[in-house]
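Asker: Before I ask anything, let me first share the structure, which is written out below as structure tokens.
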Amino acid sequence: MSLVAYLDGQFLKKEEARISVFDRGVLYGDGVFEGIRAYNNRVFKLEQHIDRLYESAKAILLKIPIDKKEMAQIVLETLRRNNLREAYIRLVVTRGEGTDLSLDPRKCPKPTIFCIAAPLALFPSSLYEDGIEAVTASTRRNLNEATSPRIKSLNYLNNVLAKIEANLCNVPEAIMLSQDGYVTEATGENIFIVKKNRLITPPAHIGILEGITRNTVMDLAREENIVVQESLFTQFDLYNADECFLTGTAAEIMPVVKVDGRIINDGKPGPTTKILMKKFKQYVLTDGPFIFE
Ligand code: PXG
């Protein structure tokens, strides 16, 4: 089946959905996006994703010309037109084309909006059963004071550079540190450790993307009466954690069992990680607007 994409008010065949080479999303990474997932005929945390999209846009002074309700309808309609009930969705707003090639964003009258959806390429189940290995990247996470990691912008080079380091080490993920050496997040996932029955994740202000999966996992943990703490930690804490996992829309909850050659605890996904993975799997089926009635 050929896929259909939404682009600026129209639904077009994948092959026909094309944006301009003058679009600032392409020229400068000047835009914002969301990666969203549909499970079981529902769009998981759609409202939260759309809120975050508008917050990212606000931070870069990009005025999205449609309201949040309309944006939600675009996501749902894209899924319907593709007959998808389980999917990965990419919702993107760029600053559009400028009237000239200058950097000045005031010369961009019309943002480009597009939405694409595709069946999901799941990670192999062995990664969830056995956990993954990660390395800390030498590439530091973007500075809050330069390009805030809280903005989910189209400029992901910082993360791509860290991912290249993971590739060079033949491991699936890289963990990024802040300028002063605190653990921030992985290249497209947030990070958690468990230590003495406490679940610890870095606070958003350290300079991370505040993940929707992260926030969901914190809520689910509290339901299980697990103490949840947002605090700074270092590589040392990571190496000596009882458990470690990553969270993200694509990865969901991914156990980490080795970092920089240090085996975490006994090298197997831990009990708290497993409880949260199970709860999360059930929870995703119960949230979000329905795609088909
Ligand atoms: N940190 C960063 C830097 C991210 O890009 C997350 C954390 C997790 O956030 P959510 O809201 O998804 O729990 C992300 C997620 C992908 C992919 O296909 C994921 C993201 C960006 C690009 C690609 O895995 N964002």
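Residue numbers for the sequence shown follow my numbering, so the first one is 3 and each next one is one higher. Note that beta-carbon positions come from the ideal geometry of N, C-alpha and C, so glycine has one too.
Among LYS60, VAL77, GLY250 and GLU225, which one has its Cα closest to the Cα of GLU49?
Answerer: Here residue 49 refers to the residue found at position 47 of the sequence shown. Selected option, being the one with the closest Cα: VAL77.
Asker: Here's the rule: buried if 16 or more other CB atoms are within 10 angstroms of the residue's CB, otherwise exposed. What is GLU135?
Answerer: If you number the sequence shown from 1, residue 135 lands on position 133. GLU135 is buried by the Cβ-count criterion.
Asker: If we call anything under 8 angstroms between Cβ atoms a contact, is ILE214 one with LYS60?
Answerer: Taking the sequence shown and counting its residues from 1, the one referred to as residue 214 is at position 212. Taking the sequence shown and counting its residues from 1, the one referred to as residue 60 is at position 58. It is not a contact, given that the beta carbons lie outside the stated cut-off.
Asker: Report the rounded CA-to-CA distance for LEU105 versus PRO121, giving the unit in angstroms.
Answerer: Reading the sequence shown from its first residue, position 103 is the one you call residue 105. Reading the sequence shown from its first residue, position 119 is the one you call residue 121. Using only the alpha carbons, I get a separation of about 36 angstroms.
Asker: Can you tell me whether TYR130 is helix, strand or coil according to DSSP?
Answerer: Numbered from its first residue, the sequence shown carries residue 130 at position 128. Of the three classes helix, strand and coil, the one that applies to TYR130 here is helix, per DSSP.
Asker: Would you list the one or two residues that DSSP bridges to GLN231?
Answerer: Taking the sequence shown and counting its residues from 1, one reaches residue 231 at position 229. Answer by DSSP bridge pairing, in chain order: ILE202.
Asker: Are LEU211 and PHE35 touching if we call contact CB-CB under 8 angstroms?
Answerer: In the sequence shown, the residue the question calls residue 211 occupies position 209. In the sequence shown, the residue the question calls residue 35 occupies position 33. No, the Cβ-Cβ distance between LEU211 and PHE35 is not below 8 angstroms.
Asker: Using 8 angstroms as the cut-off, can you tell me whether the stretch 218-237 makes contact with the stretch 195-205, which would need three or more C-beta pairs spanning the two stretches below that distance?
Answerer: These segments touch.
Asker: Pick out the complete beta strand (DSSP E) segments inside the stretch 96-164, 3 residues or longer, and give them in chain order.
Answerer: As far as the stretch 96-164 is concerned, its whole beta strand (DSSP E) runs of at least 3 residues are 114-120 and 134-138.
Asker: Verify the contact flag: ASN169, CB atom, against every heavy atom of the ligand PXG, threshold strictly below 7 angstroms.
Answerer: Here residue 169 is taken as the residue at index 167 of the sequence shown, counted from 1. No, since every heavy atom of the ligand PXG falls outside the 7 angstroms radius drawn around the Cβ of ASN169.
Asker: Which residues in the same chain as VAL230 place their Cβ atom closer than 6 angstroms to its Cβ, once the five residues preceding and following it in sequence are excluded?
Answerer: By one-based count along the sequence shown, residue 230 stands at place 228. Taken in chain order, the residues that qualify are LEU201, MET220, ALA223 and ARG224.
Asker: Since ALA40 and GLU88 are thought to touch, with beta carbons under 8 angstroms apart, how far apart are those beta carbons, to the nearest angstrom?
Answerer: For this step, residue 40 is matched to residue 38 along the sequence shown. For this step, residue 88 is matched to residue 86 along the sequence shown. Indeed they touch by this definition, with Cβ atoms about 6 angstroms apart.
Asker: So within the stretch 18-66, which uninterrupted beta strand (DSSP E) runs reach at least 3 residues, ignoring any that extend past its ends?
Answerer: If we require 3 residues or more, the beta strand (DSSP E) runs fully inside the stretch 18-66 come out as 33-41.
Asker: Measure from the C-beta of ILE228 to each C-beta in chain C and report whether the shortest distance is under 8 angstroms.
Answerer: Annotation note: the requested chain C is absent from the structure, which comprises a single protein chain.
Asker: Rank ASN43, LEU103, CYS117 and GLU72 by C-alpha distance to the C-alpha of LEU86 and give the top, closest one.
Answerer: Residue numbering aside, residue 86 sits at position 84 when the sequence shown is read from its first letter. Checking every option, the nearest Cα to that of LEU86 belongs to ASN43.
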